[in-house]
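Numbering (our numbering), first residue to last: 2 to 139.
For every residue, glycine included, the Cβ atom is placed at its ideal position computed from N, Cα and C.
Take a look at the structure set out below.
Listed below in structure tokens is the structure:
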């Protein structure tokens, strides 16, 4: 039957090609969303580790600032990692995989003295490092 020059069709639903195109677009969208979620989880883990490291460095730096300049070399030897006893007393133990905190000085006898507290750790198989610096007067 013709209605004003056009053939009337009783077509209902979608063709196979329309269905395949819709499925392809859906797969692309869901793959992208899955990838985003995966990388957000990785970023969340990294941010958590960096926050814990920053807290550990801050606590260590505060403990060092409360130590007299004359006792720094005794309590925190130059370029040596904190001992496990110090880590337990200051931080309550390391919280990040492979974390090691080291205290170094520009000079062991100068006044004022530059103090550098460095944290090294491993994250997803890669070595990471961050440092805090301060100057302490006697």
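Contact check, residue i vs residue j, beta carbons under 8 Å
i: residue 72; j: residue 109; result: no
i: residue 120; j: residue 65; result: no
i: residue 88; j: residue 95; result: yes
i: residue 47; j: residue 124; result: yes
i: residue 134; j: residue 117; result: yes
Buried/exposed call for residue i, threshold 16 Cβ in 10 Å
i: residue 102; result: buried
i: residue 57; result: buried
i: residue 61; result: buried
i: residue 92; result: buried
i: residue 40; result: exposed
Inter-residue CB distance, residue i and residue j (contact presumed, cutoff 8 Å)
i: residue 114; j: residue 70; result: 6 Å
i: residue 79; j: residue 106; result: 5 Å
Beta bridge counterpart(s) of residue i as assigned by DSSP
i: residue 30; result: Partner(s): none; residue 30 has no beta bridge.
i: residue 109; result: Residue 109 pairs with nothing; no bridge assigned.
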